[in-house]
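Comments concern the structure below.
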């Protein structure tokens, strides 16, 4: 497995979760790492990305609540999710994209369920 996401689970609204995505070195090195999510019946959407130098992007729906980070020594990207809402319920997947070639790799998703 080249990308392995973990950390999902069931949490109450307002709670927090931290997702991790461990990658093989050849997939992680020099890539833009991202988190995507797909809720039932909806299209997959971009949540956040982080470049090799740490520049970040967030979807408007999660800005201020989620934080993406990467540990280049551990080939791992994280997504800290705070103030979770019911609408954050989805399968979260990590993605590695080559910044020039545009080639991408996907990991298996991890389920995040937010309850009221």
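In the numbering used here, the protein residues as written are 290 to 405.
Note that CB positions come from ideal geometry on N, CA and C, so glycine has one too.
Reference residue 330; option with closest CA among 344, 372, 299 and 378: Nearest C-alpha to residue 330: 378.
Among residues of its own chain, excluding the 5 on either side of residue 307, which ones have a beta-carbon nearer than 8 angstroms to its beta-carbon? 296, 367, 368, 369 and 370
In this structure, how does DSSP classify residue 357 when only helix, strand and coil are distinguished? strand
With a CB to CB cut of under 7 angstroms and the five nearest residues on each side skipped, what residues in its chain are close to residue 356? Answer for residue 356: 369, listed in chain order.
What distance in whole Å lies between the Cβ atoms of residue 339 and residue 394, which are believed to be in contact at a cut-off of 8 angstroms? Actually they do not touch by this definition, with Cβ atoms about 15 angstroms apart.
Between the alpha carbons of residue 345 and residue 301, how many angstroms are there, rounded? 27 angstroms
Using only the alpha-carbon positions, how far apart do residue 319 and residue 403 sit? 33 angstroms
Using the beta-carbon count (16 or more within 10 Å), is residue 399 buried or exposed? buried
Less than 7 angstroms between C-beta atoms, sequence neighbours within five positions excluded: which residues of the same chain meet that for residue 328? 378 and 379
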